[in-house]
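The structure appears below as C-alpha cells.
2 protein chains.
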Amino acid sequence: MKRLYNFCAGPAALPEAVLLQAQTELLDWKNHGLSVMEMSHRSAEFIEIAQQAEQNLRAILNVPENYHVLFLQGGARTQFATIPMNILQNKTRAAYVDSGHWSKHAINQAKAYCDVDVIAKIEENGLIADPKDWMVDESFAYLHYVANETIDGVEFHDSPSVAKIPLVSDMSSTLLSRPLDVSQFGLVYAGAQKNIGPAGLTIVIIRDDLIGHALPVTPKTFDYKVQVQAKSMYNTPPTFAWYLAGLVFQWIIDQGGLEKMAEINRCKAEKLYAAIDQSDFYENTVPEKLRSWMNVPFSLPQHDFLSQEFLTQAKQSGLLNLKGHVAVGGMRASLYNAVTDLAVDALIDFMQEFEKRYG
Amino acid sequence: MKRLYNFCAGPAALPEAVLLQAQTELLDWKNHGLSVMEMSHRSAEFIEIAQQAEQNLRAILNVPENYHVLFLQGGARTQFATIPMNILQNKTRAAYVDSGHWSKHAINQAKAYCDVDVIAKIEENGLIADPKDWMVDESFAYLHYVANETIDGVEFHDSPSVAKIPLVSDMSSTLLSRPLDVSQFGLVYAGAQKNIGPAGLTIVIIRDDLIGHALPVTPKTFDYKVQVQAKSMYNTPPTFAWYLAGLVFQWIIDQGGLEKMAEINRCKAEKLYAAIDQSDFYENTVPEKLRSWMNVPFSLPQHDFLSQEFLTQAKQSGLLNLKGHVAVGGMRASLYNAVTDLAVDALIDFMQEFEKRYG
C-alpha cells in the first residue's frame with residue numbers, strides 16, 4: 001500500500017487513521033459478526049454508532065440545545081431546493097449573496113420556490129461587500145450565503161451580523177475546518193465529502209423554530225420536521241457514511257478539536273499563499289481578506305503546455321488532483337483537515353522546483 | 001474475524017467476497033495511492049468505476065438501449081415523491097396498487113402531487129386481485145406497484161400486463177434476485193441496501209420517453225432529465241456506494257447471473273417455507289402464490305416470552321436480525337442474494353431444535 005498526497009476538492013482526502021479503523025472493522029464491527037454496512041439502522045449497534053457521532057459533532061461545534069442535527073442524503077445541492085421548500089414560513093422572498101459558482105446555483109434553484117433578491121454580489125475585481133454591511137429586512141424569509149466558494153477559493157472569514165432574519169449558510173467546504181458560533185445561524189448545512197466523510201451524506205444543523213414550515217410539495221424525506229422527529233431515520237440513512245463521519249469526528253477530537261484544526265489549517269494556507277505570492281510564476285487573484293483556507297486556486301503563466309506538464313509531473317511526484325475546476329481552469333490545491341502539513345510542504349517544494357525549470 | 005449469519009431486511013448482508021475486495025482496496029485502490037472514497041467523481045479512475053458498474057448492471061438485467069440507468073440518493077422513499085414530480089406528463093391522476101406497508105407510504109406521498117386511485121388492494125385474508133386483472137385506462141399517468149413488500153413478505157411473481165400506460169415498480173427488495181423483463185416497465189427503482197449495495201444509493205431505470213416532464217418544483221438533483229444528461233453526476237454522487245454496487249454486480253456475474261440467482265433464491269425460500277408449513281409451531285399466513293422469495297415473515301405461538309427467547313437463542317447460535325418489523329411483529333428472515341444456502345440450513349436447524357424444546 002502506498003498513499004499519495006491528495007489535494008482533491010471533493011470527494012476529498014480522509015484521515016488515514018479513520019480509513020485504517022474502517023478497514024479493520026469492515027467485515028466484523030467490534031466482534032458483532034457483521035459489517036456496519038450490513039446492520040439494520042434500527043439495531044442497537046447502529047443506533048449507538050449514530051448517537052455517538054451526533055454527540056461528538058455537537059461537542060466539537062458546541063451546538064446549542066435548541067438546534068437539531070440531521071444526517072441526510074442528496075448533498076448541498078439538494079438543500080438548495082429543500083431549504084426554500086422548508087423555511088419560507090409563508091413569506092415569498094429570500095435574500096441571497098452571490099460570491100461565486102455555488103452561490104449562483106443556489107440562487108437559480110431557489111427561484112423555483114420564491115422571489116430571490118441578490119443583496120451582495122462579487123465583482124469582476126474579486127471584491128464583494130463586507131458581511132457586516134449586508135442589509136436585509138424582515139420581508140425576507142432568510143439570508144443565504146456560501147461561506148466558502150470551493151471553486152473560486154473565496155471564503156468569508158467572519159459571519160454576517162444579521163439578527164432580524166434567519167441566517168443560512170452552505171458550509172460544505174469550511175465546516176469543521178475552524179470553530180463556528182452556530183448560535184448566529186438559523187441553518188447551517190454541508191455535504192460531507194470535504195471535512196466530514198464520504199460523499200452521500202449531508203449534515204443539516206437547524207434551529208428549532210425553523211422546523212414545521214415545509215411546503216406541501218416537499219418530499220417527506222426532506223421535510224426537516226419529519227426527519228427531526230425520526231432522528232434522521234424516516235428513511236434508511238446512509239449508514240456507512242454516517243459511521244465514517246463519526247470516526248472523523250472522533251479523529252478531530254483526538255487532534256485537539258476545532259481550535260487546533262484552525263491553527264493547522266491557517267498555517268497550511270498561509271504557507272501556500274506565501275509561496276504563490278513570492279513567485280512571479282504562480283498567481284492567485286483572490287483579494288487577501290477573502291482567500292480561502294480550504295481551497296487555493298492558482299494559475300501558471302498562460303500556456304496550455306505548462307499546465308498539463310505541471311499536472312503530469314505533480315502526479316509523478318505523488319501529488320494528486322491539483323487541476324482546477326473546469327468552470328475556472330488553472331490549478332487548485334484543497335487543504336482540508338486530512339491534508340497534512342507534510343503534503344503542503346511537498347507541494348510547495350514541487351512548485352518551486354517546477355518554477356526553476358520552466359519559469 | 002468471525003462472520004455470523006445475517007437475515008437483516010435492510011441494510012442487508014453483502015457478499016463476503018465483495019467486502020474482502022473493498023477491504024483490500026480501502027486505502028489504496030489499484031495502486032493509485034488513494035481510496036475510492038477520496039477520488040473526485042470527475043476523475044478518470046472513478047468514471048471508469050462508475051461506467052463499468054452501469055455496464056455490468058445493464059448486462060445482468062439486459063436493459064434495453066432506450067432505458068437510462070441512474071445512480072441517485074435518497075432511497076426508494078424519496079422516489080415516492082420524485083416519481084409523481086417527474087412523470088405525471090400533464091395528467092392529474094395516477095393508479096396505485098396497495099399490497100402492503102410500503103404501498104401505503106407511496107400512495108400517501110403521491111397524494112401531494114396528484115389524485116391517486118387505488119385500483120387493487122390487499123384484503124384482510126391476504127388476497128389481492130391478480131396482476132393480469134389490474135384495470136387501468138389512459139386517464140392515469142402511470143400505474144405504480146411494489147413488486148415485493150419487504151415487511152409483509154408479499155411478492156408478485158409475475159408482472160402485470162399493462163400496455164396502455166407506463167408501469168412503475170418499487171423493486172427495492174426484489175431487483176437482482178431473479179431475471180426481469182425491463183421492457184415491460186416505464187420505470188423501475190430500488191434502494192440499494194437489499195441486493196445491490198450499501199444504504200445511500202438508489203437505482204432508477206427509466207424509459208427515455210418518461211424524462212423531460214418534471215414539475216417546476218422538482219429539486220434539480222431529482223429531475224430525471226437533469227441527471228440523465230449529467231450521467232448521474234449533476235451533484236456529487238455517493239461514490240463509495242456506487243463502487244460497492246459495482247463489485248456486487250461483478251459478483252452476480254461471477255455467480256452465473258440472474259438465472260442462477262433465481263434458482264438459488266427459489267430453493268432457499270422453498271426450503272424455509274416447507275419447514276414452516278411442516279411445523280405446527282411456526283406460521284406464515286401469506287397465500288402461497290404471493291409468498292416472497294426474499295422476506296419470509298413467520299410467527300411463533302403467541303407468547304411474548306417465546307419470541308424473545310427465540311431471538312436471544314438465535315443470536316447465541318450465530319443467527320442475526322430475525323425480528324420482524326415493528327409494524328407487523330413476529331419474526332422475519334430475509335433471504336437476499338448474499339444470504340447463503342448454508343445460512344438458511346442453519347436457520348432451519350435452529351428452528352427445529354427450538355420447536356423441540358418449546359413446542
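First to last, the sequence lines map onto chains A and B. Numbering of the first sequence is given in our numbering, commencing with residue 1 and proceeding in unit increments. Numbering of the second sequence is given in our numbering, commencing with residue 1 and proceeding in unit increments. Virtual Cβ for every residue (Gly too), placed ideally from N, Cα, C.
Extent of the continuous alpha helix (DSSP H) run through A:Ser103: 101-110 is the span of the alpha helix (DSSP H), which, as asked, contains A:Ser103.
Nearest-angstrom beta carbon gap, A:Glu155 and A:Ala147 [assumed within contact, 8 Å]: 7 Å
At least 3 beta-carbon pairs within less than 8 Å: the segment 258-269 of chain A vs the segment 235-246 of chain A: no
Where A:Thr202 sits in the DSSP three-state scheme: strand
Beta carbon proximity, A:Leu34 to chain B, threshold 8 Å: yes
Residue of B:Leu19, B:Ser334, B:Ala106 minimising C-alpha distance to B:Ser177: Nearest to B:Ser177 by alpha-carbon distance, out of B:Leu19, B:Ser334, B:Ala106, is B:Ser334.
8 Å contact criterion, which A:Pro160 and A:Lys132 should meet: CB distance rounded: Contact flag correct, Cβ pair sits at about 7 Å.
Cut-off 6 Å between Cβ atoms - residues of its own chain near B:Gly324, not counting five sequence neighbours on either side: So the list reads Pro297, Gly330, Met331, Arg332, once near-sequence residues are dropped.
B:Ala95, DSSP secondary structure in three states: strand
Beta-carbon proximity check, B:Ile253 vs B:Ile87, cutoff 8 Å: no
Short-range partners of chain A found in the segment 37-59 of chain B, where Cβ spacing is below 9 Å: Met37, Glu38, Met39, Ser40, His41, Arg42, Ser43, Phe46
Length of the line joining the Cα atoms of A:Ile211 and B:Gly10: When rounded, the distance between both Cα atoms is 29 Å.
Run of the beta strand (DSSP E) containing B:Asn295, from where it starts to where it stops: Start and end: 295-298.
Close-in-space but distant-in-sequence residues of the same chain around A:Ser23 (CB under 8 Å, 5 per side omitted): The sequence shown places Gln at residue 23 of chain A, not Ser. So no residue of the chain qualifies.
CB contact below 8 Å: A:Pro287 versus chain B: no
Alpha helix (DSSP H) runs wholly inside the segment 260-333 of chain A, at least 4 long, in chain order: 304-316
Simplified DSSP assignment, three categories, for B:Asn90: coil
Where B:Ile119 sits in the DSSP three-state scheme: strand
Those residues which DSSP pairs with A:Ser169 across a bridge: Paired residue(s): A:Tyr145, A:Val188.
Inter-residue spacing [alpha-carbon to alpha-carbon] between B:Lys30 and A:Thr239: 25 Å
Residue from A:Ala44, A:Tyr5, A:Leu72 with nearest C-alpha to A:Met233: The candidate whose alpha carbon is nearest that of A:Met233 is A:Leu72.
Residue-level contact to chain C via CB, A:Phe156, 8 Å cutoff: In summary, chain C is missing from the structure at hand, where the protein chains are A and B.
Cβ neighbour criterion (16 or more within 10 Å) applied to B:Leu320: buried
Own chain residues within Cβ distance below 7 Å of A:Glu259, not counting five before or after: Excluding residues within five positions, the ones whose Cβ falls inside 7 Å are Pro179.
Limits of the alpha helix (DSSP H) - the one that B:Tyr358 falls within: 341-358
Reference A:Thr221; option with closest CA among A:Pro237, A:Leu342, A:Tyr5, A:Ala120: Relative to A:Thr221, the option among A:Pro237, A:Leu342, A:Tyr5, A:Ala120 whose CA is nearest is A:Pro237.
As assigned by DSSP and simplified to three states, the class of A:Asn31: helix
Secondary structure of A:Asn66, DSSP reduced to three states: Assigned with DSSP and collapsed to three states, A:Asn66 falls in coil, not helix or strand.
Contact test: A:Pro131 Cβ vs the ligand COA heavy atom, cutoff 7 Å: In the structure shown, the ligand COA is absent, as is every other ligand, since no ligand is present at all.
Contact set between the segment 216-236 of chain B and chain A, restricted to residues whose Cβ is under 7 Å from the partner: Pro216, Val217, Pro219, Lys220, Thr221, Asn235, Thr236
B:Glu155 - DSSP class collapsed to helix/strand/coil: strand
Contact check, B:Thr202 vs B:Gly74, beta carbons under 8 Å: yes
contact_flag[the segment 272-284 of chain B, the segment 110-124 of chain B] where n(CB pairs < 8 Å) is 3 or more: The segment 272-284 of chain B is not in contact with the segment 110-124 of chain B.
CB contact flag (A:Leu34, B:Asn6, <8 Å): yes
Whether A:Lys268 touches A:Asp341 by CB criterion (8 Å): yes
B:Cys114 at chain A interface by Cβ criterion, 8 Å: no
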